[in-house]
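Worksheet: the structure to be examined is printed underneath.
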Amino acid sequence: MKFEIAKTCLYFHLDRNEIINHMNINPMIMDSIKSVLANSNNIVFLTGAGISEESGIPTFRGPAGLWKTYDPMKLASISGFYKNPKLVWEFYQDRQNLILNCQPNAGHFTIAKIEKLKNSNVLTQNIDGLHKKAGSKNIVELHGNILKAKCTNCNFVEDINKVIIKSLPPMCSLCDSVLRPDIVFFGEPLNQTTWKNAQDISTNCDIMFIIGTSLNVGPVNTLPFYAKENGAILVEVNPEPTVFNHIMDFSFRGKAGEILPTFLAYFNTK
Ligand code: OAD
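Letter 265 of the sequence shown, counting from 1, is numbered 263 in this note's numbering, and no numbers are missing.
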């Protein structure tokens, strides 16, 4: 699908009220994005850690990012896991406990509301399950789910709250092998069915929102290119520029929980 708007990169370095001011100053620009939203029939939300930041879950990179304090090679890589599964489980148990007490924010809820208005899919790198908690149904969890455990040997997969943990690492109730968090570690491929699905969804969308991801991690950071090459509009929502800033059609500089509800208003006022 083609949109009849200029594909220029626009920057709104402002908070929600100031965006509205900006809209008053330049209604043509805001009409363009409004028209993109109103005419889109196949929407993708590609999300990363930043969308859950306002729910109290730290991001990975940036000044307050997890990888400033913790070594991802020790705690989030497949080699680190086999070297010291107990240490890795301790790290993920702390994160599980945090995540279990976190709630979706306005960003997650807006995406779930848009799914009720338009055909849309969430492709998320997040392992926190907050999109589902907010009510989204069409979700592809590209990096797995921290609230599940799976066996390193057999096909056993279970919700973490149903796993009997006597000591760390927990053991499989079927084959007595070591269990691991059901996530993708660095050094591992993505599940190939999941990845193919994400590629297809990205290729077929007419608009992709890229929200709260630094786009530093592959292969997920190639998905905007699948969309762009097939004529989709790219809309970035992030307080900071990302490494692929230059390919975006619109860049909204701000927090997901503040910017995304503004888009919902455009759908509703169509
Ligand atoms: P990063 O931590 O790399 O990036 C988070 C992005 O969110 C940054 O670009 C921030 O500017 C932005 N951000 C922060 N607060 C925000 C807010 N309130 N609203 C919108 N954006 C905000 O996280 P990811 O890109 O998701 O993988 O990281 C990708 C992968 O690297 C993760 O899935 C994880 C990590 O290591 C694994 O653990 C395998």
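Beta carbons are placed, not taken as given, at the ideal position from N, Cα and C, and that holds for glycine. All values reported here derive from a predicted model rather than from experimental measurement.
Can you give me the C-alpha to C-alpha distance between residue i and residue j, rounded to a whole angstrom?
| i | j | result |
| --- | --- | --- |
| Ser30 | Asn236 | 20 Å |
| Thr220 | Asn228 | 13 Å |
| Cys152 | Cys173 | 7 Å |
| Ile125 | Ser75 | 15 Å |
| Val176 | Pro167 | 6 Å |
| Lys253 | Ile163 | 38 Å |
| Lys226 | Ile245 | 8 Å |
| His106 | His141 | 18 Å |
| Leu96 | Thr45 | 20 Å |
| Thr108 | Gln123 | 18 Å |
| Glu238 | Gly48 | 10 Å |
| Leu98 | Glu88 | 15 Å |
| Ile112 | Asn82 | 43 Å |
| Gly60 | Glu52 | 15 Å |
| Tyr68 | Lys130 | 28 Å |
| Thr6 | Ser33 | Low local confidence applies: a pLDDT of 33 at Thr6 is under 50, so the model's placement there is unreliable, and no value is given. |
| Ser38 | Gly78 | 43 Å |
| Cys170 | Cys149 | 6 Å |
| Val86 | Pro56 | 18 Å |
| Tyr80 | Pro70 | 14 Å |
| Gln91 | Lys84 | 10 Å |
Let me make sure I understand the geometry here. Which of the options has the alpha-carbon closest to that of residue i?
| i | options | result |
| --- | --- | --- |
| Val241 | Gly255, Asp69, Pro222, Ile257 | Pro222 |
| Leu121 | Leu188, Cys170, Glu88, Pro179 | Leu188 |
| Glu156 | Asn117, Asn202, Asp180 | Asp180 |
| Lys146 | Gln101, Gly185, Thr191, Gln94 | Gln94 |
| Gly133 | Pro102, Ile231, Asn159 | Pro102 |
| Ser249 | Phe207, Tyr264, Leu213, Ala110 | Phe207 |
| Asn202 | Asn117, His129, Ser212, Pro61 | Asn117 |
| Asp247 | Ala263, Ile205, Glu238 | Ile205 |
| Gly216 | Ala230, Asp198, Phe183, Phe154 | Phe183 |
| Ala230 | Ile137, Ile199, Trp193, Lys194 | Ile199 |
| Leu35 | Val218, Gly185, Leu115, Asn143 | Leu115 |
| Arg178 | Asn159, Ile144, Lys194 | Ile144 |
| Asn119 | Lys66, Asn195, Thr191 | Asn195 |
Does residue i come out as helix, strand or coil in the three-state DSSP assignment?
| i | result |
| --- | --- |
| Arg251 | coil |
| Leu188 | coil |
| Glu139 | strand |
| Thr201 | helix |
| Leu258 | helix |
| Ser165 | coil |
| Ser118 | strand |
| Val126 | Note that residue 126 corresponds to Asp in the displayed sequence, not to Val. Three-state result, Asp126: coil. |
| Val215 | coil |
| His20 | The pLDDT assigned to His20 is 36, lower than 50, so where the model puts this residue is not dependable, and the model offers no usable value. |
| Asp174 | coil |
| Thr240 | coil |
What residues are listed by DSSP as bridge partners for residue i?
| i | result |
| --- | --- |
| Lys146 | Asp157 |
| Pro179 | Ala147 |
| Met206 | Val42, Leu232 |
Write down every uninterrupted run of the beta strand (DSSP E) in the segment 38 to 90 whose length is 3 residues or greater and which is fully enclosed by it, in chain order. 41 to 45
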